[in-house]
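Numbering (the working numbering), first residue to last: -6 to 411.
Cβ atoms here follow ideal geometry from the backbone N, Cα and C, with glycine treated the same way.
Fair warning: this is a prediction, and the values are worked out from it, not measured in the lab.
All remarks here apply to the structure that follows.
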Amino acid sequence: MKKLSFLKRVKLLLFMILTRFKINKLREEFIKVGDIYIGIVESILPSLNAAFVVLNHFENNGFMHLNNKKKKNKKYSIIIMIYLNFKEPSGKKGPSVRGDIILQGRYLNLSPFNQGTFFINNIEQNYELQYLKAIFSLLRAESLGLIVKSFTLYVALEKIIQDFYTLLYEWDFICKNKENCFPPYLISKHRNFISNVLQKIYTDKINNIVVDSYQGAKKVAFIIEKWSMDNNSTFSIKYFNSPNFLVYDYNLDLIIYDLLQPRVNLVGGGYIFIEKTEALTTIDVNSGSCNYLNNPRETIFLVNCKAAKQIAKNIKLRNISGLIIIDFIDMQYQKDQLKFLLYFDSLLQKDNEKTKIVQLSELGLVELTRKRQGKTLSDVFASNVHQSFSLLCEDYNLELSNFSFQHVFLDGVSIYSI
-6 MKKLSFLKRV KLLLFMILTR FKINKLREEF IKVGDIYIGI VESILPSLNA AFVVLNHFEN
54 NGFMHLNNKK KKNKKYSIII MIYLNFKEPS GKKGPSVRGD IILQGRYLNL SPFNQGTFFI
114 NNIEQNYELQ YLKAIFSLLR AESLGLIVKS FTLYVALEKI IQDFYTLLYE WDFICKNKEN
174 CFPPYLISKH RNFISNVLQK IYTDKINNIV VDSYQGAKKV AFIIEKWSMD NNSTFSIKYF
234 NSPNFLVYDY NLDLIIYDLL QPRVNLVGGG YIFIEKTEAL TTIDVNSGSC NYLNNPRETI
294 FLVNCKAAKQ IAKNIKLRNI SGLIIIDFID MQYQKDQLKF LLYFDSLLQK DNEKTKIVQL
354 SELGLVELTR KRQGKTLSDV FASNVHQSFS LLCEDYNLEL SNFSFQHVFL DGVSIYSI
């Protein structure tokens, strides 16, 4: 494929709307969410009701709230099993961990330590509940904790059973592995990056996957074939066999570069400035020279709404978390403030991670919090370690102004989507 000029590549970005961004470090000792360890409690802090846990000799110690364990053991040193379910290491902070295990499948999640519990999400009809209970009763799964995903009702029975036994096999492997190891020790590493990301983003709306690794394409085909509920004639997997880098041919490098900049320009004028510190992230909204409405009140409200849309998007793509302080342009009327907060909250609810508006302070600052999952984009690119990416974008036809299709791009161990 002939390389595009920079200007043409920038124009092509107008047809892309990035909706998700996931990144993974390619080094063995990196602790990831989902890894299972035999750890050693190095010290217990009774005043904080917490403990520091040694996971390996290369990373910072893990931090565990003791109320995450059913039994609080006050011994100075104790061997425990750690499931990194909350937070990966960030900056100088170690990972947050808990003494429980949840194995994730396509349709089910297995929680072996929560015996006698059964969880069902978003299933309202009683007959649907009884149907699923009957299935797992026949499988003799009453002694295991199960989280059944809502769309499981529409999946063929054999796929549910296959997913259940796959999780049982994984748990049996972990139990056997932990008997022959000396702590601290990694018992089970989280699944392959391709499997992990496909599990989170794959839907029937995605109809094209591009992979620049032949082995990666085979793995994708195997996973999709195992998951597919029906034959999708429009779905295809394309092997990207080109001397050029996939990220350059599809302009993904320009998208990543833009996400690393502190300034984000708004359509029609104005901009936002994002600055991250160790304790919090601040975002400043500026109107710039925009004055496209005769009424100043309407201009301020419109600029704030445009800024809110960009802020919600960038919080998600940059994986900004923790405490976030936003300085919007002051709105004098309380009616405008309430209307704006409702709009901003509706944008934040589209995020997969829990994001909550705390308050609108007396100084006009919007305070919100977002659950941390993994490193921020700036933290990841601060190191020189090779990275792999996962991008999911929506492709729009601007002339028709309607949704056309979605693509996913992979590099063998990474996923790119446009």
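- Excluding the 5 residues flanking it on each side, N107 has same chain C-beta neighbours closer than 6 angstroms at G138, in chain order.
- Each residue's CA atom was taken as its position, placing K212 and L239 some 18 angstroms apart.
- DSSP places I322 outside both helix and strand once states are collapsed to three, so it counts as coil.
- CA-CA distance, K171 to I216, rounds to 28 angstroms.
- Of the residues I276, E291, S314, N287, the one whose Cα lies closest to the Cα of Q303 is I276.
- For L146, no beta strand (DSSP E) encloses it, and the DSSP letter there is neither H nor E.
- By the CB criterion at 8 angstroms, L160 and G98 fall inside the cutoff.
- S354 is positioned such that its CB atom lies no closer than 8 angstroms to that of E346.
- In the three-state reduction of the DSSP assignment, D277 falls in the strand class, which pools E and B.
- Around the beta carbon of S181, 16 or more other beta carbons sit within 10 angstroms, so the residue counts as buried.
- Annotation for K299: the continuous alpha helix (DSSP H) segment containing it runs 289 to 310.
- Under the three-state reduction of DSSP, N102 is assigned to strand.
- Using a Cβ distance threshold of 8 angstroms, L358 and I313 do not count as a contacting pair.
- Residue T348 holds the alpha-carbon nearest to the alpha-carbon of K306 among F56, E151, T348, N53.
- Counting every other CB atom within 10 Å of its CB across the protein chains shown gives N297 a total of 16 or more, marking it as buried.
- For Q352, the enclosing beta strand (DSSP E) begins and ends at 348 to 353.
- Non-local beta-carbon contacts of I37 in its own chain, meaning distances under 6 angstroms to residues more than five positions away in sequence, involve A44 in chain order.
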